[in-house]
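**Q**
Residue numbers (this note's numbering), protein chains in the order written: chain A, 1 to 153; chain B, 1001 to 1258.
1. Of the residues that make up the segment 133-151 of chain A, which ones have a beta carbon closer than 9 Å to any beta carbon in chain B?
2. Which residue or residues does DSSP assign as beta-bridge partners of residue 1130 (chain B)?
3. Look at the Cβ atom of residue 1141 (chain B), then the Cβ atom of residue 1234 (chain B), and state whether they are nearer than 8 Å.
4. Closer than 8 Å by beta-carbon distance: list the chain B residues that pair up with residue 70 (chain A), in chain order.
5. CB residue 1156 (chain B) to CB residue 1216 (chain B), shorter than 8 Å?
6. Taking residue 1239 (chain B) as the query, report the chain A residues whose CB atoms sit under 7 Å from its CB, ordered along the chain.
7. Which residues in chain C have a C-beta closer than 8 Å to the C-beta of residue 74 (chain A)? List them in chain order.
8. Inspect the beta-carbon positions of residue 1207 (chain B) and residue 1075 (chain B) and report whether they are closer than 8 Å.
9. On a Cα-Cα basis, can you pick out the residue from A:96, A:89 and A:27 that is closest to residue 60 (chain A)?
10. Give the residues of chain B in contact with residue 120 (chain A), contact being defined as C-beta atoms less than 9 Å apart.
11. Taking CB distances under 8 Å as the criterion, tell me whether residue 153 (chain A) reaches chain B.
12. How far does the alpha helix (DSSP H) with residue 1241 (chain B) in it reach, from first residue to last?
13. For a cutoff of 8 Å on Cβ pairs, would you count residue 12 (chain A) as touching chain B?
14. In whole angstroms, what is the alpha-carbon distance linking residue 1257 (chain B) and residue 123 (chain A)?
15. Can the beta-carbon of residue 1044 (chain B) be found less than 8 Å from the beta-carbon of residue 1052 (chain B)?
16. Along the alpha helix (DSSP H) that carries residue 17 (chain A), what are the first and last residues, could you check?
17. For residue 1101 (chain B), which option in B:1054, B:1025 and B:1209 has the closest C-alpha, if you only look at C-alpha atoms?
18. Using 7 Å as the cut-off, classify the Cβ of residue 1172 (chain B) as near or not near the heavy atoms of the ligand NAD, replying yes or no.
19. From residue 1249 (chain B) to residue 1236 (chain B), what distance separates their C-alpha atoms?
20. Could you give the uninterrupted runs of the alpha helix (DSSP H) lying entirely in the segment 1145-1217 of chain B, keeping only those of 4 residues or more?
21. Are the CB atoms of residue 1042 (chain B) and residue 1031 (chain B) nearer to each other than 8 Å?
22. By Cβ distance below 7 Å, which residues in the same chain neighbour residue 125 (chain A) in space, the five residues on each side in sequence not counted?
23. Where do the N-terminal and C-terminal ends of the alpha helix (DSSP H) with residue 144 (chain A) fall, by residue?
24. Got a sec, what are the start and stop residues for the beta strand (DSSP E) residue 33 (chain A) sits in?
25. In chain order, what residues of the same chain have a beta carbon less than 6 Å from the beta carbon of residue 1119 (chain B), not counting five sequence neighbours either side?
26. Going by C-alpha to C-alpha distance, which of B:1066, B:1110, B:1089 and B:1245 sits closest to residue 1023 (chain B)?
27. Thinking C-beta only, is residue 1135 (chain B) closer than 8 Å to residue 1017 (chain B)?
28. Count the other CB atoms within 10 Å of the CB of residue 83 (chain A); is the residue buried (16 or more) or exposed (fewer)?
29. Could you tell me the boundaries of the alpha helix (DSSP H) in which residue 1101 (chain B) lies?
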């Protein structure tokens, strides 16, 4: 019979595979297929690939730093002083940047692309004897499989 | 099965006990921006530490001697005569060429590394994922980007420690202490808590204080992007491992029984 499971990429996945091997499932009887997520084509320069989702923070951090320097400078002549005005600048800059990027992000990325974020990452198929079923399923659940299914043959 | 020791023409990543160095697609504009905020930061983001740290030290030495930060504060607040007076003409003109070079060079390097990344990604060489030596252990793993940022905001440098970027962690921690001490930042913070805004302003040294927002923002940003990048590298390595190990040609695909 066959047991199917879906996983996230994690060290638990490798622990699960190792545990099953120790319990007598031969390595050749395990099939692992990493799943590609729905991804736009890799392009050079200013894409979300500059590291997943980071572009949300990119302009936020940049603006926070810029506004903070200017705010702190003005702070030396304003009543509350440079620390508070520096912080006000940082928060204002970050908010403008992150909000702006968020709006752009939601506009640019259709629902389709957002679904890609939730996709499972690895499919595991184990070819085992019916009496091994309980052990295999327990191992998979113990090591945080998303889901487990079986196929009798 | 390919050998794990790399004979690759181009590697995407290198694991050492001091940290994980890798190339991935980055926006050249953002890297250039960090160089403009503080020369050296753009290079440190890319793990080009020797260039980055040299440019950082250069910035601190020239800026301190030329009194550029003080002049910036005066200029932003409209006290232009004071700005002219405070600038040290023995030093200030040294500043401009290297400042522009740092921005230009980090932009150029990012574009180059992006191209090399595409080739390295295509080559898809195996990546070592675990390094154990006398003084440290480093391994690829998934870490939480927001946890990294939280530690960095509590104390710049701790975010880098969390993701095992030992060189930038050490660098940021040491410099944050230096800047905090000489700017009298924490004394001012205490005075603000007590409500004495005037004394808090007077006690601070703008020449040192103005370095701080960039360092604080940079530490958080560096830790965030590199946590995300390390996570992607981890996944990538595991995919390679699964494909090499658990895709035996003798595996019989299941047939339904109906």
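The C-beta atom is built at its ideal place from N, Cα and C for all residues, glycine as well.
**A** On the basis of the data shown:
1. 151
2. B:1139
3. yes
4. 1076
5. yes
6. 34
7. Going by chain labels, chain C is absent from the structure shown, which instead holds the protein chains A and B.
8. Going by C-beta atoms, residue 1207 (chain B) is not nearer than 8 Å to residue 1075 (chain B).
9. A:96
10. The contacting residues do not exist; residue 120 (chain A) stays about 13 Å from chain B at best.
11. yes
12. 1212-1245 is the span of the alpha helix (DSSP H), which, as asked, contains residue 1241 (chain B).
13. no
14. 21 Å
15. yes
16. 11-22 is the extent of the alpha helix (DSSP H) around residue 17 (chain A).
17. B:1054
18. Annotation note on the ligand NAD: not contained in the displayed structure, which lists no ligands.
19. 22 Å
20. 1145-1154, 1158-1162, 1166-1183, 1185-1193, 1197-1203 and 1206-1209
21. In this structure, residue 1042 (chain B) sits near residue 1031 (chain B), with a CB-CB distance shorter than 8 Å.
22. Here the set comprises 2, 4 and 31.
23. That residue, residue 144 (chain A), is in no alpha helix (DSSP H); it is neither H nor E in DSSP.
24. 30-34
25. 1010
26. When only C-alpha atoms are compared, the closest one is B:1110.
27. yes
28. Answer is buried; the Cβ neighbour count reaches 16.
29. 1092-1123
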